[in-house]
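Asker: Got a structure for you, questions after.
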Amino acid sequence: MEYRKFGKTIVARIDKGEEILEKVKELALKENIKLANINALGAVGDFTVGVFKTSEKKYYANSFTGDFEIVSLTGTINTMNGEFYTHLHMSAGDSEGKVFGGHLNKAVVSATCEMIINIIDGTVDRYKDDEIGLNLFKF
Amino acid sequence: MEYRKFGKTIVARIDKGEEILEKVKELALKENIKLANINALGAVGDFTVGVFKTSEKKYYANSFTGDFEIVSLTGTINTMNGEFYTHLHMSAGDSEGKVFGGHLNKAVVSATCEMIINIIDGTVDRYKDDEIGLNLFKF
Amino acid sequence: MEYRKFGKTIVARIDKGEEILEKVKELALKENIKLANINALGAVGDFTVGVFKTSEKKYYANSFTGDFEIVSLTGTINTMNGEFYTHLHMSAGDSEGKVFGGHLNKAVVSATCEMIINIIDGTVDRYKDDEIGLNLFKF
Chain G
17 MEYRKFGKTI VARIDKGEEI LEKVKELALK ENIKLANINA LGAVGDFTVG
67 VFKTSEKKYY ANSFTGDFEI VSLTGTINTM NGEFYTHLHM SAGDSEGKVF
117 GGHLNKAVVS ATCEMIINII DGTVDRYKDD EIGLNLFKF
Chain E
17 MEYRKFGKTI VARIDKGEEI LEKVKELALK ENIKLANINA LGAVGDFTVG
67 VFKTSEKKYY ANSFTGDFEI VSLTGTINTM NGEFYTHLHM SAGDSEGKVF
117 GGHLNKAVVS ATCEMIINII DGTVDRYKDD EIGLNLFKF
Chain V
17 MEYRKFGKTI VARIDKGEEI LEKVKELALK ENIKLANINA LGAVGDFTVG
67 VFKTSEKKYY ANSFTGDFEI VSLTGTINTM NGEFYTHLHM SAGDSEGKVF
117 GGHLNKAVVS ATCEMIINII DGTVDRYKDD EIGLNLFKF
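For the protein sequence lines, the chains are G, E and V, in the order given.
Residue numbers for the first sequence follow our numbering, beginning at 17 and rising by one.
Residue numbers for the second sequence follow our numbering, beginning at 17 and rising by one.
Residue numbers for the third sequence follow our numbering, beginning at 17 and rising by one.
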């Protein structure tokens, strides 16, 4: 990964073989980002996206391998108990253009990933909501 | 729904059982937002997305129920005749990761929806374009 | 196409029959945009999205015609050797809501396309990476 910061915007390139969530964490910790919005595109060869079954309060994972183009990768960096937290969803098109996606668990870059991070001045923490079963924005 | 404003950026949480378009309207009216860009993710259990058939100048709706993860929810708040207007498109992945989407008519949150609204200083109104059959940006 | 600039944000309408990549180029050259982030929605009747086969270092194209709603159109304007460059990925839902997408090669607007361009103060050039077979961000 390499990146550059322009004011409140970071432009990043995540490289072949790198896992996107790990790199977002590395970048956020290095730059001390507490709150930001993320948008990215790229190509991934191996990714896992989850779906949350609300009745069971459990994530189920779908894993994909092959040549995929990221068509949406969006979400936030924020904090939980003051520590780094990221929540991203992703979808990607396969070799026929069919698109698959969900809550991002893992995505390994196969060619490149180009990411824009817009830093927001402020903080939003999370709390575990036991009724929903997820870590939600706390205001 | 709860949210916080940081400068020109609003971070919002839309809650289980709430309908996204209604909450965007409520927030925009309360904060007097005339022009903004929206990005969000989350989980929905019941949503309707339309496709505009250009030859007929009519929207056709596809409705989905189940456990879905929003993978893209993007668009704008602006105005038509000076009044609130929003235009959003959404796609969401099902329990197998298959993604469905279109012009957003309705989306009921099943777990949470995390939304970033970037307010733009200015206004863009809309006009009804009779040839296209839609309400378009007027410059 | 018509558009208006509000500070560092451009709001654009791309019209029926216009090709999106051509219009992004026209706008970027006219406004001398060196680096920007793009988000859009709209309706397209004819589009081609590619998938990069990493093992062959070649793009393969999937073309679609019909009534489609853009559900994600994201990427950047930047430069290669100082000249205009854009890299966009797109996905769109068909009349049943099924979503198809990939690296954007061509998209002809069928009704309207509403685009937000966030200009970033700075430059990021590209270089041809022979190992990957693509033009990557150079920092």
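In this text, a Cβ means the ideal position worked out from N, Cα and C, and glycines have one as well.
Where does residue 150 of chain E fall in DSSP's three states?
Answerer: The answer is strand: DSSP assigns residue 150 of chain E an E or B state.
Asker: Quick one, which of E:148, E:91, E:109 and E:105 has its alpha-carbon nearest residue 136 of chain E's?
Answerer: Of the listed residues, the one whose Cα sits closest to residue 136 of chain E is E:91.
Asker: I'd like to know if residue 137 of chain V contacts chain G, where contact means its C-beta is closer than 8 Å to some C-beta of that chain.
Answerer: Closer than 8 Å: yes.
Asker: Excluding the five sequence neighbours on either side, which residues of its own chain have a C-beta within less than 7 Å of the C-beta of residue 134 of chain V, listed in chain order?
Answerer: Counting only Cβ-Cβ distances below 7 Å, and skipping sequence neighbours, we find 24, 25, 52 and 53.
Asker: With DSSP as the reference, identify every bridge partner of residue 139 of chain V, one or two as the case may be.
Answerer: None; residue 139 of chain V has no bridge partner.
Asker: Where residue 37 of chain G and residue 22 of chain V are concerned, what is the direct C-alpha to C-alpha distance, given to the nearest angstrom?
Answerer: Rounded to the nearest angstrom, the two C-alpha atoms are 33 Å apart.
Asker: What runs of the alpha helix (DSSP H), each 4 residues or longer, lie entirely inside the stretch 21-85 of chain G?
Answerer: Here the runs fully enclosed are 36-47.
Asker: What are the residues that DSSP puts in a beta bridge with residue 17 of chain V?
Answerer: Residue 17 of chain V is not bridged to any residue.
Asker: Would you say residue 76 of chain V reaches chain G, if we count a Cβ-Cβ gap shorter than 8 Å as a contact?
Answerer: True, the Cβ-Cβ gap to chain G drops below 8 Å.
Asker: Taking 8 Å as the cut-off, decide whether the C-beta atoms of residue 124 of chain E and residue 60 of chain E are in contact.
Answerer: Result yes, Cβ atoms of residue 124 of chain E and residue 60 of chain E sit closer than 8 Å.
Asker: Against chain G, does residue 59 of chain E count as a neighbour if the rule is that its beta carbon must be under 8 Å from one of theirs?
Answerer: Yes, residue 59 of chain E counts as interfacial toward chain G.
Asker: Pull up the distance between the alpha-carbon of residue 18 of chain V and that of residue 109 of chain E, whole angstroms please.
Answerer: Cα to Cα, the separation comes out at about 34 Å.
Asker: Looking only at C-alpha atoms, which of G:34, G:155 and G:86 sits nearest to residue 96 of chain G?
Answerer: Minimum Cα distance to residue 96 of chain G is reached at G:155.
Asker: State the DSSP-derived secondary structure class of residue 130 of chain V, mapped to helix, strand or coil.
Answerer: Three-state result, residue 130 of chain V: strand.
Asker: For the beta strand (DSSP E) containing residue 155 of chain G, list its first residue and its last residue.
Answerer: Unbroken run through residue 155 of chain G: none, as it is neither H nor E.
Asker: Along chain V, in chain order, which residues have C-beta atoms closer than 7 Å to that of residue 32 of chain G?
Answerer: By Cβ distance, chain V contributes 148.
Asker: Given this structure, state the Cα-to-Cα distance separating residue 27 of chain E from residue 104 of chain G, to the nearest angstrom.
Answerer: Looking at the two C-alpha atoms, the distance is approximately 15 Å.
Asker: Just to confirm the assignment, what range does the beta strand (DSSP E) spanning residue 112 of chain V have?
Answerer: Careful: residue 112 of chain V lies outside any beta strand (DSSP E) and carries neither H nor E.
Asker: Use the C-beta contact count for residue 89 of chain E: other C-beta atoms within 10 angstroms, 16 or more gives buried, fewer gives exposed.
Answerer: Classification of residue 89 of chain E: buried, given that the 10 Å Cβ count is 16 or more.
Asker: What are the partner residues of residue 87 of chain V, as DSSP defines its beta bridges?
Answerer: In DSSP, residue 87 of chain V forms no bridge with anything.
Asker: Where does residue 97 of chain G sit, in a helix, a strand or coil, going by DSSP?
Answerer: Of the three classes helix, strand and coil, the one that applies to residue 97 of chain G here is coil, per DSSP.
Asker: In the stretch 113-133 of chain E, which residues sit with their C-beta less than 7 Å from some C-beta in chain G, listed in chain order?
Answerer: Here the close residues are 113, 114, 115, 126, 127, 128, 130 and 132.
Asker: Who are the neighbours of residue 96 of chain G on chain E, taking C-beta pairs under 8 Å?
Answerer: Ordered by position in chain E, no residue passes the 8 Å Cβ test against residue 96 of chain G, which lies about 13 Å from the chain.
Asker: Is it right to say residue 81 of chain V is buried, meaning 16 or more other beta carbons lie within 10 angstroms of its own, or is it exposed?
Answerer: Result: exposed.
Asker: Answer with buried or exposed for residue 50 of chain E, where buried requires no fewer than 16 other C-beta atoms within 10 angstroms of its C-beta.
Answerer: Answer is buried; the Cβ neighbour count reaches 16.
Asker: Which same chain residues, not among the five before or five after residue 20 of chain E, have their C-beta less than 6 Å away from its C-beta?
Answerer: The answer, listed in chain order, is 27.
Asker: Could you check how far apart the C-beta atoms of residue 56 of chain E and residue 129 of chain E are, in whole angstroms? I think they sit under 8 Å.
Answerer: Right, the Cβ-Cβ distance comes to about 6 Å (below 8 Å), so this counts as a contact.
Asker: Assuming the contact rule is C-beta atoms closer than 8 Å, residue 98 of chain V and residue 107 of chain V should be a hit. Round their C-beta distance to whole Å, please.
Answerer: About 31 Å separates the two Cβ atoms, so there is no contact after all.
Asker: CB residue 70 of chain E to CB residue 121 of chain E, shorter than 8 Å?
Answerer: Their beta carbons are not under 8 Å apart, which means residue 70 of chain E does not touch residue 121 of chain E by this criterion.
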